[in-house]
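> Once you've had a glance at the structure underneath, I'll fire off some questions.
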Amino acid sequence: METIIGIDLGTTNSEVAIIRDGQPVVLEEDGDPILPSVVGLDTEGRLLVGKPARNQYALAPERTIRSIKRKMGQETTVALGDQKYSPQEISAIILRTLKNRAEKTLGYPVSRAVITVPAFFNDGQRQATRQAGELAGLDVVRIINEPTAAVLTYDPHPRDRERLLVYDLGGGTFDVSVAQVEQGVVEILSSHGDTQLGGDDFDQLLLDHVCDSFSKKHAIDLRQSPQARSRLLHAVEEAKKRLSFEAVASIEEEFIA
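Number 360 in our numbering belongs to position 72 of the sequence shown; there are no gaps in the numbering.
Below is the structure:
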């Protein structure tokens with residue numbers, strides 16, 4: 289039986305998984321299951337995907353693209369080097385990297401995939417996701433809602449009817465869904481949220497707070513410098529993460545202005 293990989297194409301991070309012995313297994317590379325959803329070019333014009341692209345964002349935002357999921361379904365392009373790309377083309381680079389990871393881990397080619405999307409992605413956004421998969425060399429056998437995927441993972445073989453609330457706060461989208469599960473069938477009864485609300489927006493609010501405070505003290509708006517803005521964006525994101533288990537987080541960046 290041909291393996292069908294499952295892909296979570298996220299705003300901030302992406303993953304690829306398979307079902308093995310009835311259980312989902314996230315495929316890792318160098319011990320890391322996460323692929324940052326970031327694409328860039330280095331100084332030699334070579335393609336960077338994942339951590340290398342994310343790491344260069346602070347110093348070279350003009351050569352780095354992040355959060356492309358927020359543009360899926362839009363008739364727009366983004367610049368990378370001297371070329372312009374559609375959101376589907378950038379997403380395809382991420383998907384192709386995940387496909388390659390799966391093939392390297394499994395030791396054989398894969399060509400079919402299921403890709404998850406937010407519950408209330410519109411038809412245009414879903415079609416754009418499917419196109420990205422096709423550009424990556426994948427036969428996208430199904431586009432499924434992220435809450436549905438979460439419910440199936442939570443209880444793959446429910447015996448009784450259950451009604452579950454799925455709260456999904458991601459890097460770029462947010463939704464709350466009520467799902468009913470009966471005899472292995474998942475039905476989304478209702479869903480509401482915002483495809484333009486997520487962790488990126490929290491980071492932006494923190495960035496604005498830091499920049500406003502700095503501007504009041506030094507009369508310099510750090511947002512006017514792409515490099516300073518990128519460095520601070522990374523710093524506030526790390527501070528936000530620390531606040532999950534610490535009461536206070538400080539931000540220190542040398543030679544920022």
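Where is the CB? At the ideal position from N, CA and C, for every residue including glycine.
Buried or exposed: where does E363 fall if 16 or more other Cβ atoms within 10 Å of its Cβ makes it buried?
exposed
> Select from P514, V464, K505 and L520 the residue whose C-alpha is nearest the C-alpha of D270.
This structure does not reach residue 270, given that the chain is present from 289 up to 545, and the question cannot be answered.
> Between which two residues does the alpha helix (DSSP H) holding A537 run?
Premise fails: A537 is in no alpha helix (DSSP H) and is neither H nor E.
> To the nearest angstrom, how far is the alpha carbon of I476 from that of I403?
17 Å
> Nearest-angstrom Cα distance between R400 and A437?
17 Å
> Considering P435, what are the terminal residues of the alpha helix (DSSP H) in which it resides?
E434 to Y442
> What are the start and end residues of the alpha helix (DSSP H) that includes G421?
Counted as a single uninterrupted DSSP element, the alpha helix (DSSP H) harbouring G421 occupies residues D411 to L423.
> What residues in its chain sit with their C-beta under 7 Å from that of F255, if we drop five residues either side in the sequence?
Residue 255 lies beyond the stretch modelled for the chain, which goes from 289 to 545, so this question has no answer here.
> From Q413 to G310, what distance separates their C-alpha atoms?
Between Q413 and G310, the C-alpha separation is close to 30 Å.
> Counting along the chain, where does the alpha helix (DSSP H) carrying P375 start and finish?
P375 to L394
> How many Å lie between V326 and N301 at the Cα?
8 Å
> Three-state secondary structure (DSSP) at Q512?
helix
> What do you reckon, are the CB atoms on A424 and M360 nearer than 9 Å?
no
> Grab me the residues of G294's own chain with a C-beta within less than 6 Å of its C-beta, minus the 5 sequence neighbours each way, in chain order.
A305 and V402
> Which same chain residues, not among the five before or five after D296, have their C-beta less than 7 Å away from its C-beta?
S302, E303 and T404
> Which partner residues of L335 appear in the DSSP bridge assignment?
L329
> Thinking C-beta only, is L368 closer than 9 Å to G328?
yes
> Given A346, which residues of its chain have a CB within under 7 Å of its CB, disregarding the five upstream and five downstream residues?
S518, R519 and H522
> Here's a check: name, in chain order, each residue in its chain whose Cβ is nearer than 7 Å to the Cβ of L386, leaving out the five neighbours to either side.
I295, S302, V304 and L323
> Check the DSSP bridge columns for Q371 and list the partner residues they point to.
L368
> For R334, count the other beta carbons within 10 Å of its own beta carbon; 16 or more makes it buried, fewer makes it exposed. Which is it?
exposed
> Can you give the beta carbon distance from S355 to G460, rounded, assuming they're within the 8 Å contact cut?
6 Å
> Is L520 helix, strand or coil when you go by DSSP?
helix
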